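S.K.: Before I ask anything, let me first share the structure, which is written out below as structure tokens.
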């Protein structure tokens, strides 16, 4: 009999066997025995590290074999023998078809397994800057380009969504929202029914559609403005503070202020989440641009006759000093005509040069008719006689806004006729941008308004002049404090922006001609940003993003939508400023800054257009926070308000806030890892830090040496947990501007009844030796040359010996590698003598026994308010404040000795080593 084929059984892979053979079973048994024996021998061995290494290697190999086996199983395809479908030499069609059906399904499953075995899910393809420490199954947390794929993968894998059960409060809010929607639907239906009935009865009388005109908000004269109402879903997050227009953009990309501790009543971005210290330095000076949302800057509007406005500004200290008297003369007519801006210090009423408030920017509104500068004097007299109403804007830092507001309000009421004061804090926003590509980015984002698509403007107009500045890589090359005022179109209509065409060098002569003549002085008209109705109209005319997208869909592919007469016209004020001081003394190296004002609701569209502009040099503009702002002005050698001006009320409040933060950070550290201020060695047998080590202790500097503390009192002085109930009042410090301080030190002007014992001046510090000054570092003067104590004279000579001479600097540059500290035994005598002579001539280094100690507390003159490594200079620099009364005599004594009168010693808090430096009045 022929053997009968067995019935088709369950399918099985071809590469696998049903059961192992007897030989394989025996082999595996012997292998297990040998493995147990080896394990026993390893356990009895003395070495444990070897076991750990073998265990880690075994684990690694097992992990690798498991992955290899997973890949192998995914690629294995099951099949079925065809012989089982034959019976007595005949083909069983039913069994044959079932076998082939199984193979086809196995092939499809194998292909799917092989595809998913080594593939990555959407959650694993997030870019590096968007990765998180833990994965998330919430599709909305994945970038938009991967959200569809992530949702599809979750459906295929039956992954549970990260949806939590709503809480009791959330269920109450959902039910309330449903009831409100139902109520609004009923009211809408009732209103539509009334309108329908009126339309049927009066269809012959009136065929025009009914339009409801929104009510204009009431102007609050001489009163503070309330923040705009926040959306319902964000209302609880803005209790006690306000969001900037670009808050949602920054909240995803930057570290913000603490929700419970806002800064100046705003949620301000501090620094980007990505590392940005060096990129910010490169973008601001070498290639690129850095932008900030400066909408937290306060804006005050003044309206009145020109005579009243001039009287108010004079009372605030504008045009009173010898440096600013030209503002009310012929040289300052460009500012009063509205083609320039002025930046300077404001003071309390008739108190110049004392009681400084803050630096501010004053912008006059140009006349409706463009006037020339030559006829400005006659025009000014005519305006005074006609008593025309003029307007101006004052921009000030928010930390000093309330102090300035109270002062301006008192001065406005005493003017005849009275001046109207309006708070525009939440009505006008601002953006600041700097860098070589800042002008290019603004030209690509700010398109002047036009009714046609050709974008042709009259020759010499403000729009034509602005469009011809594409070759400008430094706004400081423009006329000083130049001002543009024009309208722009909605930047969302040409988003995403495209790189503009940079003109060739053949147009360089035309650009130089424009900069020399500057036609905007004769063509500038009254900017609409000063008009309240124009601001409200621009804010209300901004269409929704949905309408913008619909309009883009109707445009020809690859082109922008055609302009319409009904498009929103956004008024802006654009002006360029220069840094007040550059450390190298060359203003050409200092990068200028663009500032522009625009309506509050238009800040976000313009911001997105700037951030996504593709620069011609590659990349996009960067955004910065408060730390980047301080970094750039620090590298330029310019003090930052309010941090570097503790002589003002806003500056002292900032110092108190920062010292509390530093104190908390110090207290969080364990005792073994924090500085013990009472054990700091100051030299000459003196121990203990001067004042609080975490603060610029101006109270200690003014009151003099504190009584010595011993025992428990000394421990309590360095222990933050021992708090006193009585808080010392702020010292009566007085900030002196750079011009007044320079005139006092040179003796060219009277003292103006200044109390030199409390007068503070902001200075820049340049170290003459190696080292980096830090914030809260102590600044000492050198001992007097006429001191009676020989120890003081010896200490002064020791510090003066460290002053580098031109010869030592040249020798340091020529000598690339210093001589080794130890010579060979067979070194020739002339090499030994040369190294010995150099060691005798070389000044002592920090840490050596011959290095001089710091002067005493009687020579303490100030503190460092900002100190760090300056990337622009390639060395450590600092900005600080000193008491003029303690350096005035030394400067006058050392006037004949060059810079010796301005030498100082800088010692970081908690350290005992001082660094020789030179201070100079900051501009």
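Numbering (my numbering), first residue to last: 296 to 1218. Cβ coordinates follow ideal geometry from the N, Cα and C atoms, glycine included. None of these values were measured; they are calculated from a predicted model.
Return yes when the Cβ of residue 545 is within less than 7 Å of the Cβ of residue 564, no when it is not.
M.R.: Going by C-beta atoms, residue 564 is nearer than 7 Å to residue 545.
S.K.: Cα separation between residue 967 and residue 915?
M.R.: Taking the straight line joining both Cα atoms gives about 46 Å.
S.K.: Expressed to the nearest angstrom, what Euclidean distance is found between the alpha-carbon atoms of residue 645 and residue 527?
M.R.: Those two C-alpha atoms are separated by around 46 Å.
S.K.: Hey, how far is the Cα of residue 1122 from the Cα of residue 1144?
M.R.: The alpha-carbon atoms of residue 1122 and residue 1144 are separated by roughly 28 Å.
S.K.: Confirm, please, whether the CB-CB distance from residue 899 to residue 856 is below 7 Å.
M.R.: Result no, Cβ atoms of residue 856 and residue 899 do not sit closer than 7 Å.
S.K.: Enumerate in chain order the residues of its own chain whose CB-to-CB distance from residue 880 is below 6 Å, with the five nearest sequence positions on each side excluded.
M.R.: The predicted position of residue 880 is uncertain, since its pLDDT is 45 and thus under 50; a value taken from the coordinates is nonetheless stated next. If we look at residue 880 and ignore the five residues flanking it on each side, it has no Cβ neighbours.
S.K.: Where residue 614 and residue 637 are concerned, what is the direct C-alpha to C-alpha distance, given to the nearest angstrom?
M.R.: Going by the C-alpha atoms only, they are around 11 Å apart.
S.K.: Which value, in whole angstroms, describes the spacing of the CA atoms of residue 951 and residue 944?
M.R.: One C-alpha to the other measures close to 11 Å.
S.K.: Could you tell me which of 558, 1151, 1178, 727 sits nearest to residue 985, measuring between CA atoms?
M.R.: Ranking 558, 1151, 1178, 727 by Cα distance to residue 985 puts 1151 first.
S.K.: Does DSSP classify residue 560 as helix, strand or coil?
M.R.: If DSSP states are grouped into helix, strand and coil, residue 560 belongs with coil.
S.K.: Nearest-angstrom Cα distance between residue 455 and residue 433?
M.R.: About 9 Å.
S.K.: DSSP has residue 790 in a bridge; who is on the other side?
M.R.: In DSSP, residue 790 forms no bridge with anything.
S.K.: Grouping DSSP H, G and I as helix and E and B as strand, with all else coil, what is residue 1089?
M.R.: Reduced to three states, the DSSP call for residue 1089 is helix.
S.K.: To which residues of the same chain is residue 589 closer than 7 Å at the C-beta, ignoring the five residues directly before and after it?
M.R.: Contacts found: 725, 726, 727.
S.K.: Please name the residue in 1200, 932, 872, 658 whose C-alpha comes closest to that of residue 1164.
M.R.: Nearest C-alpha to residue 1164: 932.
S.K.: Can you give me the start and stop residues for the alpha helix (DSSP H) that residue 815 sits inside?
M.R.: Its alpha helix (DSSP H) spans residues 815-818.
S.K.: So, with DSSP's three-state summary, where would you put residue 324?
M.R.: Summary for residue 324: the model assigns pLDDT 44, below 50, so the residue's position carries little reliability; its value from the coordinates is reported in the next sentence. Of the three classes helix, strand and coil, the one that applies to residue 324 here is helix, per DSSP.
S.K.: Output needed for residue 910: all residues of its chain with C-beta closer than 6 Å, excluding positions within five of it in sequence on either side, in chain order.
M.R.: Excluding positions up to five away in sequence, the list reads 732.
S.K.: With DSSP as the reference, label residue 627 as helix, strand or coil.
M.R.: Correct three-state label for residue 627: helix.
S.K.: Taking a contact to mean a Cβ-Cβ separation below 7 Å, would you say residue 864 touches residue 661 in this structure?
M.R.: No; because the gap between Cβ atoms is not below 7 Å, this pair is not in contact.
S.K.: Whole-angstrom Cβ separation of residue 947 and residue 792, contact assumed at under 8 Å?
M.R.: Not really, about 44 Å apart at Cβ, beyond 8 Å.
S.K.: Quick check: the Cα distance between residue 745 and residue 753, rounded to an integer number of angstroms?
M.R.: Rounded to the nearest angstrom, the two C-alpha atoms are 12 Å apart.
S.K.: What residue from 761, 722, 770, 1036 has the CA that sits closest to residue 828's CA?
M.R.: When each option's Cα is compared against that of residue 828, the closest is 722.
S.K.: Taking just the CA atoms, how far does residue 797 sit from residue 803?
M.R.: Going by the C-alpha atoms only, they are around 12 Å apart.
S.K.: Which residues mark the beginning and the end of the alpha helix (DSSP H) in which residue 927 is found?
M.R.: Counting along the chain, the alpha helix (DSSP H) containing residue 927 begins and ends at 921-930.
S.K.: Determine the direct distance from the alpha carbon of residue 1178 to that of residue 534, and round the result to whole angstroms.
M.R.: If you take the alpha carbons of residue 534 and residue 1178, they lie about 41 Å apart.
S.K.: Of all the options 1089, 1036, 1147, which has the alpha carbon lying nearest to the alpha carbon of residue 1216?
M.R.: If we check each option's Cα against that of residue 1216, 1036 comes out closest.
S.K.: Terminal residues of the continuous alpha helix (DSSP H) containing residue 1153?
M.R.: No alpha helix (DSSP H) contains residue 1153, which DSSP labels as neither H nor E.
S.K.: How many Å lie between residue 1001 and residue 710 at the Cα?
M.R.: The predicted model places residue 1001 with a pLDDT of 49, which falls under 50 and marks its position as unreliable; any figure quoted below should be read in that light. When rounded, the distance between both Cα atoms is 48 Å.
S.K.: Answer with buried or exposed for residue 1124, where buried requires no fewer than 16 other C-beta atoms within 10 angstroms of its C-beta.
M.R.: Flag for residue 1124 reads exposed.
S.K.: With DSSP as the reference, identify every bridge partner of residue 1176, one or two as the case may be.
M.R.: The partner list for residue 1176 (beta bridge, DSSP) reads 1057, 1158.
S.K.: Give me the Cα-Cα distance between residue 379 and residue 400, rounded to the nearest whole angstrom.
M.R.: Answer to the nearest angstrom: the Cα atoms are 19 Å apart.
S.K.: Kindly list the residues whose CB is nearer than 6 Å to the CB of residue 442, restricted to its own chain and excluding five residues on each side of it in sequence; keep chain order.
M.R.: Cβ neighbours of residue 442 beyond the five flanking positions: 434.
S.K.: Would residue 1199 and residue 1074 qualify as a contact pair, given that the criterion is a beta-carbon distance under 7 Å?
M.R.: Their beta carbons are under 7 Å apart, which means residue 1199 touches residue 1074 by this criterion.
S.K.: Within the chosen definition, does the segment 1059-1078 reach the segment 1171-1187 through at least 3 CB pairs nearer than 8 Å?
M.R.: Touching, yes.
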